[in-house]
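Undergrad: Residues 0 to 138 in numbering that gives the first Met the number 0 are what the sequence shown lists, from first letter to last. Please find one structure pasted underneath; my questions will follow.
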Amino acid sequence: MSLTRLFKIISVFTILCLVYIHMQMQIFELAYQGKRKANAIAALMEENSMVKTDILEMKSSKALGVKLLDDQASLQFRDTSKVVELVARPTIEPAVEQVALSSVPPKENLFLNLISFGTQAEAKTLESGARSNRRPTDR
């Protein structure tokens, strides 16, 4: 084996070893970068949860009440001497409600009409003259 051939083999082997070492260093560097990014994400998530807690605390009724009832604000809690009572108007008479309800046309349910197999039964109100003609045994 000649000296030049040995030198070429050693040079190629050395270059391959350097390439392998460089690749290993890149692998470790990428692993460290991933670890740093994971730590940064964990820190950001923790900060995010603390900020969300602070926001919810500021929106809470207690915080809003403290802010509104601050010494500088002119607001106060309700006092019994400052309560105003209003008289409610009487309710609508039942006859007016019945007339209002009877004037509304019934809504048709198209889905039920599609699946029904026969005619639909309807309830009708009896007039006052028809009631008096009934026999006592019909009641």
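Quick reminder that beta carbons are idealized off the backbone N, C-alpha and C, glycines included.
Which first and last residues belong to the alpha helix (DSSP H) in which GLU84 is found?
TA: Careful: GLU84 lies outside any alpha helix (DSSP H) and carries neither H nor E.
Undergrad: Please report how far the alpha carbon of LEU43 lies from the alpha carbon of SER59, in whole angstroms.
TA: LEU43 and SER59: Cα-Cα distance of roughly 24 Å.
Undergrad: Start and end of the alpha helix (DSSP H) containing MET22?
TA: Counting along the chain, the alpha helix (DSSP H) containing MET22 begins and ends at 2-58.
Undergrad: In whole angstroms, what is the alpha-carbon distance linking PHE27 and ARG35?
TA: The alpha-carbon atoms of PHE27 and ARG35 are separated by roughly 12 Å.
Undergrad: I need the straight-line Cα distance from VAL18 to ALA41, nearest angstrom please.
TA: Taking the straight line joining both Cα atoms gives about 35 Å.
Undergrad: Which class does ARG138 belong to by DSSP, given the choice of helix, strand or coil?
TA: With a pLDDT of 47 at ARG138, under the threshold of 50, the modelled position of that residue is not reliable, and the figure given next carries that caveat. Here ARG138 sits in coil by DSSP.
Undergrad: Would the C-beta of ALA62 count as close to the ligand ATP, meaning under 7 Å from any of its heavy atoms?
TA: The ligand ATP is not part of this structure, which contains no ligands at all.
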